[in-house]
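Numbering (the working numbering), first residue to last: 48 to 363.
Each residue gets a CB set at the ideal place from its N, CA and C atoms; glycine is no exception.
These numbers were taken from a predicted model, which means no experiment stands behind them.
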């Protein structure tokens, strides 16, 4: 059996703010809004600076402030005077854990804003279609970070059954020793990782997440594994085959019944003529051959017997 634990934020030792390195990200805003992605790997004192060219009606003084996740940051409103026909708004943020990542926005008088998206590098490959495997077979799940991205510190694999859920509901295996050694194998090679599942069963179906672990957070990508029996692909063909068998059987039954009905209709006129009284019996031309054969057979087999209804029949 393998052991799983509930996922939480990537544990990061909190370094004193004074000892953290300081990075500066300065962006020029020429229009009304802009989005800037900022990749982070480690805790850092991050200095964000927005430079806005202003609009046609440049005011001598405007108010600038900051938001995080759409919420105003307390005590962040400051007056901004133009410098060389530009407005500048700057603030240092202590980014020491995963919860400090996200969307930071600088706002100029509600007329222009610039969004900084703070996140770890994203995994490039995204798989939309499920991976299909058969019961008893093996399957390899792969994750890859793009070559121009920093190498993760390590990789983790998550799994949850059924539909996708929030990260805190996922189950994580931190080390391959925690897997069933005979069925699972994790390979980590720099920007790449693979999870091999041997002798797969229906219970292995579910949503798997790979996580590239950096010091400040993790970057995840998901894929769905669908395990089916070998009969699953044949179900549509078996359904068609059953329909064909039913149709052919119905046609054969109809043809047999129709054939019996036609034979009965062909014999009925002869029986009716044979059952007429001798003096009234009139043989139709198309029945003469049949009656002649009956008379000859009667004469040969039993000369003393006479077929009832034949004596006195007049041939026309």
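Quick check: what's the CA-CA separation for residue 241 versus residue 109? It is roughly 54 angstroms from the alpha-carbon of residue 241 to the alpha-carbon of residue 109.
Taking all protein chains shown into account, decide if residue 187 is buried (16 or more other Cβ within 10 angstroms of its Cβ) or exposed. Under a 10 Å Cβ-count criterion, residue 187 is classified as exposed, with fewer than 16 other Cβ atoms of the shown protein chains found around its own Cβ.
Return the bridge partner residues of residue 182 from the DSSP annotation. In the DSSP output, where bridge partners are listed per residue, residue 182 has none listed.
Classify residue 111: buried if its beta carbon has 16 or more other beta carbons within 10 angstroms, exposed otherwise. So residue 111 ends up on the buried side.
Own chain, CB closer than 8 angstroms to residue 239, minus 5 neighbours either side, in chain order: Exclusion of the five residues before and after residue 239 leaves 189, 190, 191 and 192 as the residues of its chain whose Cβ lies within less than 8 angstroms of its Cβ.
Note the first and the last residue of the continuous beta strand (DSSP E) segment covering residue 147. Per DSSP, residue 147 lies in no beta strand (DSSP E) segment and is marked neither H nor E.
By a C-beta neighbour count over all protein chains shown, 10 Å radius and 16 as the cutoff for buried, is residue 60 buried or exposed? Residue placement at residue 60 is poorly supported in this model, since its pLDDT is 44, which falls under 50; the coordinates still yield a value, given next. Only exposed fits residue 60, as fewer than 16 other CB atoms lie within 10 angstroms of its CB.
Integer-rounded CB distance, given that residue 247 should sit under 8 angstroms from residue 180: Yes, residue 180 and residue 247 are in contact; Cβ-Cβ is about 5 angstroms, under 8 angstroms.
Reduced DSSP category for residue 301 - H, G, I as helix; E, B as strand; rest coil: In this structure, DSSP gives residue 301 a helical state, which the three-state scheme calls helix.
Looking at the structure shown, is residue 123 part of a helix, part of a strand, or coil, going by DSSP? Coil at residue 123, not helix or strand.
How about residue 102 and residue 160: do their beta carbons lie closer than 8 angstroms? For residue 102 and residue 160, no; Cβs fall outside 8 angstroms.
According to the Cβ coordinates, are residue 116 and residue 149 closer than 8 angstroms? Contact flag set, yes.
Buried versus exposed, by CB contacts within 10 Å (16 or more), residue 258: Residue environment for residue 258: buried (at least 16 other C-beta atoms within 10 angstroms of its C-beta).
Where does residue 251 land, buried or exposed, given buried means 16+ other C-beta within 10 angstroms? Its Cβ being crowded by 16 or more others within 10 Å, residue 251 is buried.
Residue 271, enclosing beta strand (DSSP E) - first and last residue: Counting along the chain, the beta strand (DSSP E) containing residue 271 begins and ends at 265-275.
Return yes when the Cβ of residue 143 is within less than 8 angstroms of the Cβ of residue 90, no when it is not. Result yes, Cβ atoms of residue 90 and residue 143 sit closer than 8 angstroms.
Mapping the DSSP letters down to three states, classify residue 164 as helix, strand or coil. Of the three classes helix, strand and coil, the one that applies to residue 164 here is strand, per DSSP.
With a threshold of 8 angstroms, are at least 3 pairs of Cβ atoms found where one atom belongs to the region 228-237 and the other to the region 302-309? The region 228-237 vs the region 302-309: no contact.
Is residue 203 buried or exposed, if buried means 16 or more other CB atoms sit within 10 Å of its CB? Buried: at least 16 other Cβ atoms inside 10 Å.
Straight-line gap, residue 106 to residue 167 (C-alpha atoms, nearest Å): Looking at the two C-alpha atoms, the distance is approximately 38 angstroms.
C-beta atoms of residue 95 and residue 124 nearer than 8 angstroms: In this structure, residue 124 does not lie closer than 8 angstroms to residue 95 by Cβ.
For residue 386, which beta-bridge partners are listed by DSSP? Residue 386 is absent from the model: the chain starts at 48 and stops at 363.
Straight-line CA distance for residue 104 to residue 79? C-alpha separation (whole angstroms): 13 angstroms.
Assign residue 170 to one of three DSSP states: helix, strand, or coil. Here residue 170 sits in coil by DSSP.
Can you find a CB in chain B that lies within less than 8 angstroms of the CB of residue 303? The structure shown contains no chain B, having only a single protein chain.
Between which residues of its own chain and residue 182 is the CB-CB distance below 8 angstroms, once the five residues before and five after are set aside? Closer than 8 angstroms at Cβ, skipping near neighbours: 247, 248, 249, 274, 275, 276 and 277.
If you draw a straight line from the alpha carbon of residue 177 to that of residue 77, how long is it in whole angstroms? Straight-line spacing of the CA atoms in residue 177 and residue 77 works out to 43 angstroms.
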